Structures are given as C-alpha cells and as structure tokens.
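Input: a single structure, listed below in structure tokens.
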Amino acid sequence: MSDNEDAGMCASRRELLAWLIAGPLATLMPGSAMAAATACRKVPESAQLVDAHCHIFNASDLPAERFLRYVLLDMHPRQAESALDIHDPDVVDGIIALMTWVLGRNRAPTARVEIAMLERDRRRGIMAGAIRTSVRNIEKAVGDFLVQHSGALGVGGGSRGEGKVADAIFAAGSGRGPVGAAGAPFGEGAARQTARKAYASKTDIGTYLRWFELITRYRHDLADQLQQDYACQGISVKMLSPALIDYDKWLGQDVRTSPMPDQVEVMDCISQRDKGPVVHGYVAFDPLRQAYHDADLDAGFDPIDLVKLAIRDKGFVGVKLYPPMGFKPIGNGDGEQKYPADVVRDLKGGVGIALDRSLAKLYDTCTKLDAPIIAHAARSNGAGPNYADRADPAFWIPVFDRWPRLRVCLAHFGRFDAPSAAGGAGSLPDTSWEWTFGRYIAAHPDRPVFADISYLANVLASPDVVSHTAARFRDFVARFDPEVRHLVFGSDWIMLGLENRYPDYAGRVIEFLRQSCGFDQPRIDRILHQNAGRFLGLGRGNAAWSRLSFYYSRNQLSLSRLKQIQAT
C-alpha cells in the first residue's frame, strides 16, 4: 500500500517525526508511567471478562478544558484523601489551569501521529512499543507550576484558584501546611521533589496528577495498560470495547487536534494489531452535530455516514450516545426542554424536532445494521441545568417500543439514588432509574436491552456502603432479572482512573458479586462476559459477527483472536 492510498491510515512519516521532535522525545522512557497509589491484588479464582464500556481517548480527542470543567464535580475522586475543596469555584478554576499547564508542556499525540506510528510499525512487522511521557515530565511540569504559583517563593503568579491548587500540591507532597504558610524559600529542586511526592500521594490532587499523565499517552498504550491492569489481578480480558465521545457542539469547543474521523481511523489501526488486547469499540454519535450537518450549518463530516463507515469497515461494534449533553433518547420536540441559546438561534427554534429526526435516523441505521448502542444513563455530567435528567431510562422506553430489535445498553447502573420520571410516588429505590429499567425488562425479558455496571465506585468504598449497595443489587435481581441476563460488566476506564483504588477495581467487583451479593458462578459469568456477547452480537449468525469475520479476513488478522471473543 502506498503512502497515498488511504488518507486516514497513512498520515505522513513527517507528521510523526515533527511531533516527536517538537515533543518530549529526549525524556521519554518505556515502562509504566502510572504510579498508582494502590497496588493491584489477584482475585482468588481465575476469571475472564469483556470490558464492554471503557475509554482510551487522550487529551487531543477532547475539548479538554470544558470537558474537565463539566465532569469535575461528578467525577471527583471519591476514595481519595481530600486536599481540595472541590465545591470552591476558585479550586475548580485552579485545577483547570493546572491541567492546561501540564498538557501545554506534555502534548498528547494526535490521532494522525499515532496512525503514522502504528502504520510504520505494521509495515515493519513489529508491534508498536509504548512511547509514553514519563512521570518525570509530569513532575517537572507540576514542579514548574508550583514555582510559578507559590506564594512562598514571593512570586504569587496566577489566579487565586491556582494558588489554592499550588497549596494543595505542596501539602500533599510535603506533609506540611499550605505553600503560602511554608515560609522558607522554595527552589526548583524542592519543587520537583514535592511534585513527585504529590503525584504518588493518596490525595485527590495526586489522583488528578496521575490522571493528567494518563491522558497524554498514546491510545494503544492506554489499551495495553488496561489489559496489564487486569492481568495484574489474574483476570483474562477477552475484549475491550472503548467508546469515543463527541461533546463539541454542546460544549462549544470544537476538537481540531484529532477530529472524529481521525479518531475512527486510529481506532481501526488499533483494532488491526496482532498482539495486545482485542479492541473493538463504539463510534460516537451526536444528534446535534447531525442536526447542524443536515441544516447545512456544519461543513464537516456527516455523522451518520461516519457511523456506517466505522461499523461496516473500521472494526467498530456499535455506537456511543451521551444524552446528558442535552437531549432525551427521543421526544425532544415537546416544547418543554431548554437548549443553549446559540443552538436555538442557529436551528431557528426547531432544536427538539431536529434532534428527534437525527436520533430516529441513528436508530433506523443501527436496526438495519444490527449494531448496538451504549448510552450514558447516570444523572451526571450534564452540559446545562438539569440536562443530566435527560439520560433517565424512562425516556428510553418509547425507543425500546418503537425499535424493538434495537440493542441498547444503559451505562452506569448501580447508584440507586436518582428519582426517575417514571418512578411515580414513593421513595428510593422504588422510584430510582434502576427500578424503572428493571420494571421494563421484567415485563419484556426477551428485549435486547441491558445495563452496564461501569464506574461502580461503591465497591471501593467502606464496608457499610458496599453492604448497602449489595442489598440493592440483590433486591433488583430478585424482582426483575432473576437469571441476571441484562447486566453487563464495564469499567469506564480511563475515567475510573480518577479513583485511588482503581488498580484492583475488577477484582473487587467480582468479590462484590460473589460474596456481597451472593451470586453463583453462572450469574457472575453472565455479567462478566456472556451478556456482553449477546449485547454486542458476537454469536455466529449475527450481523456483527459476520462483519468482524470479514474484517479479520480482509486485514489478514489472526482468527484465533476472533474466536477469543465469540459469544458463548
């Protein structure tokens, strides 16, 4: 294949070289850059799983600043020692400034840079190695931030929020009081040492620093890291299914470094690797982007055409939707919902109708292709006031009824703390989002609808919280899903990387299911991998299996890897 045959696959070697020269090549080193605050522990019995919901995006794939601002409160490390008052607006601004500072000095590789590297190594017949920004680069950037913003140095640069975050870094890294109270001069060497200790600490600021390091990596490196983290726990991974995300239109910040078509191409390259984890993911679909495209307001790619391309030709297994950005799964044209003022202006007041038209187009396409949809279904990460409520499973029921063959997985089951629009009178958990989903599957046990237990952070919490959550799970299963045929394992990594005890998360989920919930092995196996096979359509005779079989044949990939993911 010549360098010009496939514009997506063949980003020029000059792009790769330019990035490496301009980037931190001189200080890159192999090996794990994720110095986790908690080491993993092996599960008592061997286990295998499909991670049906994870992420391997990096900062170049995101509207990073606005993304972090919207998820910061919802995703604040729950199990970490607190060094930050996350409800202080100054602190939120300070963390955003710290992230911008770190990412500005440690650029995440773009999709096209990674495509060039993977294609180069594939032609050489070798597996792309892990090229990572070392922990030392992050420590240097954080040390420089500390020097620039610490009042103790007499510099006092930056905003009040940046000063508070610098104080938190100093406290986490020194065990002393805030920087402003430290008194003695604080040079670069001491700042670097403090940053190193803060990075490795069990505090919330340490967790953020480690997460910032993660999102500067190559995507294939993140996939390998996740597989290694499972292996460390004695868990064999059949497949990883990472989801792309598209927030641009809702957050008002377009991603230009790695636009969505480039992200699809790099995921295709990762899926074609002969070694490492088997990776087949979900392409992102934003109905607002589709509405803009259909109204000739966006000259970029056609989202529905990209969905078709990704699923038919690029090794993707499904589609990712993100309703809390501002849309219901259907029924947006009822005139009651609020939308961003610029969106209302651009679409001349017809936002809801345009969204429904886009979504119907997606559901028709996925039904025709027999491709599944995974959707954020927790009351979190809303892009506007009460937008997160639009992810309520109650709003999916009309979709399930109108498109009965559509396979859908609602993500982040297991919180039991959000009252559903269909919950009626009463109290939690009877009125919860989970109970609304449960009532539907109890009435329609053969419908291909599922819920995943990704980012079930309660399993990392105190024994009382674990016990309370287990009681809810047992009650749900007894009432609605006795054979546990509708729950699916997912991690939500790398977002889960914001939890201090992440390295043994999967093992703790298995322990939770076996010991706290009392589920037998057949039920646990369904959650860990068998239900994912049904949701993703990985059984012989399914359209998804036929597509992947052709994909493996066309790209001369090992059939043993394909058989590894076949549903049982």
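The numbering of the sequence shown is our numbering, which starts it at 1464 and goes up by one. Ideal Cβ placement from N, Cα and C applies to all residues, glycine included. Keep in mind the model is a prediction, meaning the values are calculated, not measured.
Query: With 16 other Cβ atoms within 10 Å as the buried cut-off, status of Ala1635; Result: buried
Query: Simplified DSSP assignment, three categories, for Gln1735; Result: coil
Query: Gln2029 to Gly1812 span [Cα, whole Å]; Result: 47 Å
Query: Inter-stretch contact (C-beta, 8 Å, three-pair minimum) for the stretch 1712-1725 and the stretch 1683-1700; Result: no
Query: For Asp1607 and Ser2023, the rounded distance between their alpha carbons; Result: 49 Å
Query: 6 Å Cβ shell around His1949 - same chain, five flanking residues per side excluded; Result: Ile1904 and Phe1913
Query: Local conformation of Thr1573 per DSSP, three classes; Result: coil
Query: Cβ neighbour criterion (16 or more within 10 Å) applied to Lys1701; Result: buried
Query: Chain D contact for Arg1870 (CB, 8 Å cutoff); Result: Absent from the structure: chain D. Only one protein chain is present.
Query: 8 Å contact criterion, which Arg1878 and Pro1835 should meet: CB distance rounded; Result: Between Pro1835 and Arg1878 the Cβ distance is about 22 Å, and since that is not below 8 Å, they are no contact.
Query: For Ile1957, the nearest candidate out of Thr1573, Asn1600 and Phe1520 (CA to CA); Result: Phe1520
Query: Inter-residue spacing [alpha-carbon to alpha-carbon] between His1446 and Tyr2014; Result: Residue 1446 falls outside the range modelled here, since the chain spans only 1464 to 2031, and no answer is possible.
Query: Beta-carbon contacts of Val1972 that lie in its chain and below 8 Å, excluding the five residues immediately before and after; Result: Ile1916, Leu1919, Val1922 and Phe1952
Query: Extent of the continuous beta strand (DSSP E) run through His1931; Result: No beta strand (DSSP E) contains His1931, which is instead part of the alpha helix (DSSP H) from Pro1926 to Phe1943.
Query: Which listed residue (Ala2007, Tyr1802, Asp1709 and Arg1977) has its alpha carbon closest to that of Glu1508; Result: Arg1977
Query: Cβ-Cβ distance between Val1782 and Phe1748 below 8 Å; Result: yes
Query: Among Ser2021, Asn1963, Asp1893 and Ser1699, nearest to Asp1988 - alpha-carbon criterion; Result: Ser1699
Query: Other residues of its chain near Trp2008: CB distance less than 7 Å, five sequence neighbours each side excluded; Result: Gly2000, Leu2001 and Gly2002
Query: Beta-carbon proximity of Ala1522 to Ala1571, cut-off 8 Å; Result: yes
Query: Residue interval of the alpha helix (DSSP H) (run including Ile1558); Result: Pro1552 to Arg1568
Query: Exposed unless 16 or more other CB atoms sit within 10 angstroms - verdict on Gly1886; Result: buried
Query: Distance, Asp1967 Cα to Ser1925 Cα; Result: 15 Å
Query: Classification of Lys1801 by the beta-carbon crowding that lies within 10 angstroms, buried from 16 upward; Result: exposed
Query: Ser2012: first and last residue of the uninterrupted alpha helix (DSSP H) it sits in; Result: Ala2006 to Arg2017
Query: Beta-carbon proximity check, Val1742 vs Gln2027, cutoff 8 Å; Result: no
Query: Pick from Ser1622, Cys1980, Pro1985 and Val1718 that is closest to Val1929, judged by C-alpha positions; Result: Cys1980
Query: Rounded straight-line distance, which links the Cα of Pro1792 to that of Asn2018; Result: 35 Å
Query: Backbone secondary structure at Pro1705 - three-state DSSP; Result: strand
Query: Own chain residues within Cβ distance below 6 Å of Gln1716, not counting five before or after; Result: Pro1526 and Arg1529
Query: Simplified DSSP state of Ala1474, which is helix, strand or coil; Result: Note that Ala1474 has pLDDT 44, beneath the 50 cutoff, so the model's placement of it is unreliable and no number is given.
Query: Cβ pair count under 8 Å reaching 3, the stretch 1769-1779 against the stretch 1729-1738; Result: yes
Query: Whether Phe1863 touches Glu1897 by CB criterion (8 Å); Result: no
Query: Collapsed DSSP secondary structure at Gly1456 in the structure displayed; Result: Nothing about residue 1456 can be reported from this structure: the residues present for the chain run from 1464 to 2031 only.
Query: Simplified DSSP assignment, three categories, for Asp1684; Result: helix
Query: Pairwise C-alpha distance: Val1814 and Glu1799; Result: 11 Å
Query: Where the beta strand (DSSP E) through Cys1872 begins and ends; Result: Val1871 to Ala1874
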